[in-house]
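Working notes, beginning with the structure itself.
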Amino acid sequence: MVGEYEWEAFALSESRADWLVKAVAPADSDDTMLDLVAPSNG
Numbered sequence: 001m002v003g004e005y006e007w008e009a010f011a012l013s014e015s016r017a018d019w020l021v022k023a024v025a026p027a028d029s030d031d032t033m034l035d036l037v038a039p040s041n042g
């Protein structure tokens, strides 16, 4: 997830797309890590 304010603050390129979650893992400080993959268009 990218907050709206972060697009300009970090000069992020366009990365919005449909993503598939392959795995979910807990991280430090109550964060969560996601293993994502972009689905193929074919």
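To convert, note that position 2 of the sequence shown is 2 in UniProt numbering; the numbers rise steadily by one, no gaps. Even for Gly, the Cβ is constructed at its ideal location relative to N, Cα and C.
*Smallest Cα separation from residue 26: which of 14, 20, 35?*
Your numbering for residue 26 matches position 26 in the sequence shown. When each option's Cα is compared against that of residue 26, the closest is 35.
*For residue 17, I'd like the list of residues in its chain whose CB is within less than 8 Å of its CB, leaving aside the five on either flank, ordered along the chain.*
Locating residue 17 in the sequence shown gives position 17, where the first residue counts as 1. Here the set comprises 38.
_Reduced DSSP category for residue 23 - H, G, I as helix; E, B as strand; rest coil_ = Stepping through the sequence shown from its first residue, residue 23 is reached at position 23. Residue state, collapsed to three classes: strand.
*Euclidean distance between Cα positions of residue 33 and residue 24*: Position 33 of the sequence shown, counted from the first residue, corresponds to residue 33. Position 24 of the sequence shown, counted from the first residue, corresponds to residue 24. The alpha-carbon atoms of residue 33 and residue 24 are separated by roughly 6 Å.
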